[in-house]
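Enquirer: Got a structure for you, written out below as structure tokens; questions coming shortly.
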Ligand SMILES: [Fe+2]
Ligand SMILES: [Fe+2]
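Here it is in structure tokens:
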């Protein structure tokens, strides 16, 4: 790439634009789960998904800012639906979210590998400090919430514990 003209390569900007749509897709997945638990009137879990969705919007914002900083001109891609992760009961959203976070981590690793291939230390450093650091928490929270949902406590007690996972940090 011509370093005089661009901060990040075309390959990297393509991957980052794809990631922007993916983070928005995570946002709409968690907003859908917020609706589901609101409908079930389990308000602590409704609030949990509300907060998880807000975090996805923050991840989106990080990438948005980075692309802006790099002067990348682009139109937003469309966001895929999440119909394959439609809840069938109160546990399934928690299973799907572990799956989704693992996929998210894998996609971020691909961007990291591309940056490494290009010796783009700026992007590597930015990814390490933002999205990669964040994924550890995202995966752990998702796994902890699933474990709580699978435990034997009554549903409202579980809901309270799940919301606490986000209030600790
Ligand atoms: Fe995310
Ligand atoms: Fe996430």
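Numbering (our numbering), first residue to last: 5 to 173. Positions of the beta carbon are idealized from the N, C-alpha and C atoms, including for glycine. Since we're looking at a predicted model, the values are computed, not measured.
Which class does residue 122 belong to by DSSP, given the choice of helix, strand or coil?
Expert: coil
Enquirer: Ligand 1 and residue 30: does any heavy atom of the ligand fall closer than 7 Å to the residue's C-beta?
Expert: Correct: residue 30 has its Cβ closer than 7 Å to ligand 1.
Enquirer: Taking residue 151 as the reference, give the member of 171, 96, 135 with the closest Cα.
Expert: 96
Enquirer: Quick one: measure Cβ to Cβ for residue 163 and residue 49, integer angstroms, because I've assumed they're closer than 8 Å.
Expert: Separation of the CB atoms of residue 163 and residue 49 is rounded to 5 Å, and the pair is thereby assigned contact status at 8 Å.
Enquirer: Would you mind giving the Cβ-Cβ distance between residue 60 and residue 34, rounded to the nearest angstrom? I have them listed as a contact below 8 Å.
Expert: 6 Å
Enquirer: At what residues does the alpha helix (DSSP H) containing residue 34 begin and finish?
Expert: 14–43
Enquirer: Taking only three categories from DSSP, how would you classify residue 155?
Expert: coil
Enquirer: Assuming contact is defined by CB atoms lying nearer than 8 Å, are residue 63 and residue 170 in contact in what I supplied?
Expert: no
Enquirer: Along the chain, where does the alpha helix (DSSP H) that runs through residue 67 open and close?
Expert: The continuous alpha helix (DSSP H) containing residue 67 extends over residues 47–73.
Enquirer: Counting C-beta neighbours from all protein chains within 10 Å, is the total for residue 57 16 or more, i.e. buried, or is it exposed?
Expert: Buried, because 16 or more other Cβ atoms sit within 10 Å of the Cβ of residue 57.
Enquirer: Residue 109 and residue 143: beta carbons closer than 8 Å?
Expert: yes
Enquirer: Give me, in chain order, the residues of the same chain whose beta-carbon lies closer than 6 Å to that of residue 52; leave out the 5 immediate sequence neighbours on both sides.
Expert: 166, 167
Enquirer: Specify the secondary structure class of residue 97 as computed by DSSP and reduced to three states.
Expert: helix
Enquirer: Report yes if the C-beta distance between residue 89 and residue 98 is below 8 Å; otherwise report no.
Expert: no
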